[in-house]
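As structure tokens, the structure follows; a few thoughts come after it.
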Amino acid sequence: MSALRALEKDWQEWVKENIARGVSVNKLAVTLFNKGWIDAAYELINDNSNNLKAPHINTSHNYIQLSDKRVSISFTCYSPFVVSIDDFLSFDECQALISDADSKLKASRVVNPKDGSFIEHNARTSTSTGYQRGQTAVIKTIESRISELLHWPVDHGEGLQVLRYEDGGEYRPHFDFFDPAKKSSEVVTKKGGQRVGTFLMYLSDVGAGGATRFPKLNFEVRPKKGSALYFANTDLNGDINPLTLHAGMPVTEGVKYLSTKWLREKPYV
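For the sequence shown, numbering that gives the first Met the number 0 begins at 0 and goes up steadily by one.
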């Protein structure tokens, strides 16, 4: 039975009336979520994604048919919103990204919390390279697929990054959102606003280590070639979510290739 139809009649009418008034699905879902009606909240989101003011994956089915391929959902968490997706990239797409990036890799950098500049830091021991949106045919295809999956415009995202983690390579616990309390946030949000979501794509299998761990949630997602991981950095109210603290665990066997796409709340130019 539908979770929304299982609500009391007064609440069903409340939902219908507010949608008709143009109230954002975010606000309605927050109310249902806070009442403990989590299934109803996400059913509402899935049924009205066009009126949603945040990236979102429809988790109502175990498989999602996109324009160019079918992907499967292997894991979900709803607070914060985390979804693991299998078969997002083909092996050829993974190899194309690796081959193009390998000769361009340089030491990865992080945002300086003092002034918003990008600096090297021992918390992030990988090499990486960045691309413009649509820079290659493969990237353009992948960005279009991400946009369709997340119901979020391509131009509301940064360019793809490709990263390589060798033996011992890691990214210690950190947040992807920009903390409004830090001076750097004013600088880095001038283009595109807040980072509302993170989309990770695993380009290689790894013998041991290399998981994406969420220490406050007590779970981790291990790298699997072609799979992807999405998590929302902000909640349905648009507020930063400290539960999204995450880490790239040290690689202890093999080489980890990863591609990252950060989603912004506004067009990123």
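Ideal Cβ positions, reconstructed from N, Cα and C, are used throughout, including at glycine.
Check: Along the chain, where does the alpha helix (DSSP H) containing I18 start, and where does it finish?; Outcome: 8-19
Check: Evaluate the contact criterion for the region 169-184 versus the region 134-142: three or more CB pairs, one atom per stretch, below 8 Å.; Outcome: no
Check: Run through DSSP, which three-state label would F74 get?; Outcome: strand
Check: Tell me whether R221 sits in a helix, a strand or coil according to DSSP, three-state version.; Outcome: coil
Check: What is the DSSP secondary structure of Q94, reduced to helix, strand or coil?; Outcome: helix
Check: Please confirm whether L159 and S258 have their CB atoms less than 8 Å apart.; Outcome: yes
Check: In chain order, which continuous runs of the alpha helix (DSSP H) of length 4 or greater are located wholly inside the region 179-263?; Outcome: 182-187
Check: Per the DSSP calculation, R173 is bridged to which residue(s)?; Outcome: It is His, not Arg, that sits at residue 173 in the sequence shown. BP columns for H173 point to H245.
Check: Report whether the distance from the Cβ of T128 to the nearest heavy atom of the ligand SAM is below 7 Å.; Outcome: Judged by which ligands are present, the structure shown has none, so any question about the ligand SAM falls away.
Check: Which residue wins for smallest C-alpha separation from R221, given the options S146, G247, S184, A210?; Outcome: A210
Check: Leaving out five residues on either side along the sequence, give the residues of the same chain with a beta carbon under 7 Å from the beta carbon of I145.; Outcome: F198, K260
Check: Kindly indicate the opening and closing residues of the alpha helix (DSSP H) around I37.; Outcome: 37-46
Check: Where does the unbroken beta strand (DSSP E) through T128 begin, and where does it stop?; Outcome: 126-129
Check: If you follow the alpha helix (DSSP H) that S143 is part of, which residue opens it and which one closes it?; Outcome: 136-149
Check: Mark N232 as exposed unless 16 or more other C-beta atoms lie within 10 angstroms of its C-beta, in which case mark it buried.; Outcome: buried
Check: Count the other C-beta atoms from every protein chain shown that fall within 10 angstroms of the C-beta of V187, then say buried if there are 16 or more, exposed otherwise.; Outcome: buried
Check: Determine the direct distance from the alpha carbon of L27 to that of I118, and round the result to whole angstroms.; Outcome: 41 Å
Check: Drop a sphere of 10 angstroms on the beta-carbon of L65, count the other beta-carbons inside from all chains shown, and report buried for 16 or more, exposed for fewer.; Outcome: exposed
Check: Give me the DSSP bridge partner(s) of A106.; Outcome: T126
Check: Using only CA atoms, which one of P241, S183, V161 lies nearest to E92?; Outcome: V161
Check: By Cβ distance below 8 Å, which residues in the same chain neighbour D128 in space, the five residues on each side in sequence not counted?; Outcome: First, the amino acid is wrong: residue 128 is Thr here, not Asp. Correct list, in chain order: A100, K103, L104, K105, Q160, V161.
Check: Comparing C-alpha positions only, which one of M248, A180, G237 sits nearest to G196?; Outcome: G237
Check: Tell me where the beta strand (DSSP E) around L162 begins and ends.; Outcome: 160-164
Check: What did DSSP end up calling V82 once you bin it into helix, strand or coil?; Outcome: strand
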